[in-house]
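Under our numbering, the first residue of the sequence shown is numbered 354, with each subsequent residue one higher.
Glycine included, every Cβ here is placed at the ideal spot set by N, Cα and C.
Small disclaimer: the values here were computed from a predicted structure and weren't measured.
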Amino acid sequence: MSYFASNIKFLRKRKKRTQDDVAFALEMKRSTLSGYENEVAQPSVSVLVQFSGYFKIAIDTLVKVDLTELAESQLSQIERGYDVYIKGSNIRVLASTVDLEDNENIELIAEKAKAGYTSGFADPDYIKVLPTFQLPFLSRQKKYRTFQISGDSMLPIPDGSYVTGEYIIDWNNIRDKHPYIILTLDDGVVFKVVENKIREEKKLTLHSLNSLYDSYDIDISDVKEVWKFVHYISSEMPEANQEKQDLVDTVKQLRKEVIAIQTRLNI
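Rendered as structure tokens:
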């Protein structure tokens, strides 16, 4: 099924352009443009190239993806040049929810919901029943989701913390040595520091902050979603850095001993 007709009409209205505006820019008759929008006429390859250049969106996206079903954050990323079809991969359409004012929600995946999320992440009926909230200091042009983590592999971020991530469409943009929330069908939701080896080896290497845990690789074909770490919320106070505290205590003790020696020597 082709979405070309509905997409060019949607994009034209999104940019607040009239049929006359677009027809003039593409050097075609308004009636010809109207024919494309109403599926009376079928575009040639050269016409597809024209529309792709005008809207700055890949031909595959114009034809294969129903842009009217995408969330605002996804449309914004495509319009900013992150059109994954240009890079030869498949677009990942994210199931999402909005509030009464059409602002995108932040869905909450609590620990008990993580197992269901592994199978229901792409199901709009599953996503719409998740708890949602808003964080006014985050960009409205991006998509966020919050996951509750478990275990101590990412200490000092404590067990039970709520970690918020920004949805990443183009996985080639994953930055080495930065934390991400990764969804795989085998391991479920994991929160790790990532080493990007997609271009060379088609995989990611995942590292824990806790040195007691070994690093491991996952094949990129097993990855379903990637969320870039933004912040975390926890009811626990971080533990003190014991090594630094030991050093401080040692310095204090040395100072006391120096003062005692100076006193005995009347310095």
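Secondary structure of residue i, DSSP reduced to three states
i    : result
R493 : coil
E464 : helix
R608 : helix
V393 : coil
Y407 : helix
V416 : helix
D452 : coil
E553 : helix
L536 : strand
H531 : strand
E589 : coil
Start and end residues, beta strand (DSSP E) containing residue i
i    : result
L557 : K556 to H560
Y585 : V576 to I586
F544 : G541 to K550
D572 : Y569 to D572
Rounded Cβ spacing between residue i and residue j (contact assumed at less than 8 Å)
i    : j    : result
K545 : S561 : 6 Å
K467 : E519 : That pair is no contact at about 19 Å.
I361 : E390 : 6 Å
K496 : S568 : Actually they are not in contact, since the Cβ atoms of K496 and S568 sit about 28 Å apart, beyond 8 Å.
F363 : L420 : 6 Å
Y533 : Y585 : So it is not a contact: roughly 13 Å between Cβ atoms.
V543 : L559 : 7 Å
E460 : I480 : 6 Å
V579 : I521 : 4 Å
A411 : L447 : The Cβ separation is near 18 Å, so there is no contact.
Endpoints, the alpha helix (DSSP H) within which residue i is located
i    : result
F363 : F357 to R367
F377 : Q372 to A378
Min CB distance residue i to chain B below 7 Å
i    : result
L618 : Of the chains in the structure shown, none is chain B; there is only one protein chain.
Could you tell me whether the stretch 460 to 474 touches the stretch 547 to 554, using the rule of 3 or more Cβ pairs below 8 Å? No: fewer than three Cβ pairs fall under 8 Å.
Complete beta strand (DSSP E) runs within the stretch 477 to 528 (minimum length 3 residues, chain order): Runs found: 497 to 501 and 515 to 520.
Quick check: the stretch 484 to 498 against the stretch 523 to 531, are at least 3 beta-carbon pairs closer than 8 Å? Flag = no, the stretch 523 to 531 and the stretch 484 to 498 do not touch.
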